[in-house]
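Here the sequence shown stands for residues -15 to 149, where the numbers follow our numbering. Since the structure comes first, as structure tokens, the remarks are kept for the end.
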Amino acid sequence: MITKIAALLVFLTIGNFNLTSEKISQNEDYDQYCNVRFDYCLDYPKFLNPQPESANGDGRIFNNEKGEEVLRVFGRFNLDSEGETITLERQYKTDIKDNLKKKNNITYKKLGETFFVISGFRNGKIFYQKTIFKNDAFSFAILQYPTNDKEIYDKVSTEIFKSFK
């Protein structure tokens, strides 16, 4: 009988610990960065350190506690160097081609009506890029992190990219 009670207590303790861990990751504190020039916003976890906005006001870099870049957000107009309009589909194909040229392993890609997503592995890191198109401009959010930090960033990436608008 004592063994059954002890087993039940261990089960409840472990079960509650796991639930608490999930709640903590789901309730991670976030701040919001909004870019006035290109009219986009996203939520980022407070454990990332925002660097000063770029000199031309197109975006910002967010570093981890080691000072390494983890998240980069920026915008640019949908014009090429000759002043021709770049469609979302063209930008999508260009970004895929650039990733393959750099020997990045693309594991997921999706083209929507106003966005696209490309993710995979580059230089031993996991990357996830979401690009949105609005107001004649592209806004890019690129999360890149070491594979050994997968558990940490997989939990917050959903919130980051869900909020990216």
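For every residue, glycine included, the Cβ atom is placed at its ideal position computed from N, Cα and C.
So, helix, strand or coil for residue i, using DSSP?
i, result
"N89", "strand"
"K149", "coil"
"T71", "coil"
"S141", "helix"
"T131", "helix"
"T98", "coil"
In whole angstroms, what is the alpha-carbon distance linking residue i and residue j?
i, j, result
"D120", "K139", "32 Å"
"S5", "D13", "With a pLDDT of only 33 at S5, under the threshold of 50, the placement of this residue in the model should not be trusted, and no figure is reported."
"F61", "T98", "15 Å"
"G43", "E37", "6 Å"
"T78", "Y129", "23 Å"
"N85", "G51", "The question names Asn, but residue 85 in the sequence shown is Lys. Cα-Cα distance, rounded: 28 Å."
"S147", "C25", "7 Å"
"G108", "T71", "31 Å"
"K134", "I110", "8 Å"
Within the stretch 8 to 56, ranges of the beta strand (DSSP E) (whole runs, at least 3 residues): 14 to 19, 24 to 29, 43 to 47
Contact the stretch 47 to 67 vs the stretch 107 to 127: 3+ CB pairs below 8 Å: yes
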